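As structure tokens, the structure follows; a few thoughts come after it.
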Amino acid sequence: MVALHLIPKLGNIPLKQLQPADIETYYAEARKNGRADGAGGLSAQTIQHHGRVLSQALNHAVATQVLGRNVAQFVKPPRPKRKDISPLTREGVIKLLGAASQTEFYYPLLVAIYTGLRRSELLALTWADMDLEERYLSVNKGIHTHSSESERIQPPKTDKSKRLVSLPIDLVLALRHHRETQEAIWDELGKSMGMGDRIFARPDGSVIHPDSLSKACVRLAKQAGLGGSTFTLSDTH
């Protein structure tokens with residue numbers, strides 16, 4: 007994405023000369039005709055991702071005193087229209103979970119549907135954040151990604167984002183089964199699972215990247231016959 011979009015469009019501008027207007031122009035052009043195959047514009051969601059990557063790069067430049075400010079923070083990328091986003095129906099939820107049932111994405115999707123957690127919060131959860139006896143989980147951090155290869159765990163930006171989320175008994179029972187299954191797999195691999203390990207990981211213990219979850223959700227929705235419609239899990243619970 008950086009090599010295909012950001013560098014060709016913005017790379018010719020000296021870093022210290024980059025202005026908010028340049029970024030506004032980039033967003034507008036990407037929305038109108040940003041696809042690499044020339045078949046139209048990029049979605050608002052994709053452009054938002056471009057904006058996050060650009061802002062992270064500029065934040066690094068500020069932190070290393072290459073720049074005095076991050077000009078990207080003054081420009082808001084386009085937002086998806088709310089009328090194009092809708093929560094899944096009960097029937098849709100059943101179909102989606104059915105399609106995901108044999109994948110590592112089943113439990114993350116299940117918890118997202120029940121709790122409305124963001125993907126960054128969801129995939130940062132460890133077993134220390136979950137109390138299955140008292141039936142709640144603690145949201146106290148999130149995954150922030152820089153590329154498909156790197157990530158960092160950070161606390162929420164505001165205290166309001168830190169919260170306890172109650173868990174219904176059906177979800178508690180499902181998570182207990184998930185833990186037992188995960189422990190059995192790790193035992194076969196000669197590994198022991200600790201409280202600091204991620205709740206949602208691949209069978210070998212490796213982390214699930216947030217973009218992988220988003221892509222899997224779209225793919226599984228198509229498999230479930232939900233078509234290409236845009237929906238949000240956070241409004242479904």
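First residue of the sequence shown? That's 7 in the working numbering, and the numbers climb one at a time after it.
Just so you know, even glycine gets a beta-carbon here, dropped at the ideal spot from N, CA and C.
Nothing here was measured: the structure is a model prediction, and the numbers come from that model.
Does residue i pass the burial test, meaning 16 or more other C-beta atoms within 10 Å, or should it be called exposed?
i    : result
A36  : buried
E127 : buried
H66  : exposed
H183 : exposed
Q94  : Just to set this straight, residue 94 is Leu in the shown sequence, not Gln. Buried, by the Cβ-count rule.
D193 : exposed
M201 : exposed
D135 : buried
R125 : buried
F206 : buried
Q25  : exposed
L5   : Absent from the model: residue 5. The displayed extent of the chain is 7 to 243, so no value can be given.
R204 : buried
L116 : buried
Could you tell me which residues DSSP puts in a beta bridge with residue i?
i    : result
K144 : The question names Lys, but residue 144 is Ser in the sequence shown. Paired residues: L170.
T151 : E157
V213 : A207
T132 : R204
When DSSP labels each residue in this structure, what does residue i get in the three-state scheme?
i   : result
I29 : helix
T52 : helix
D43 : coil
T70 : coil
* What runs of the alpha helix (DSSP H), each 4 residues or longer, lie entirely inside the region 159-209? -> 175-194
* Does the region 163-178 come close enough to the region 112-130 that 3 or more CB-CB pairs lie under 8 Å? -> yes
* To do: Check whether the region 108-115 touches the region 43-55, taking contact to mean three or more Cβ pairs, one atom from each stretch, closer than 8 Å.
  => no
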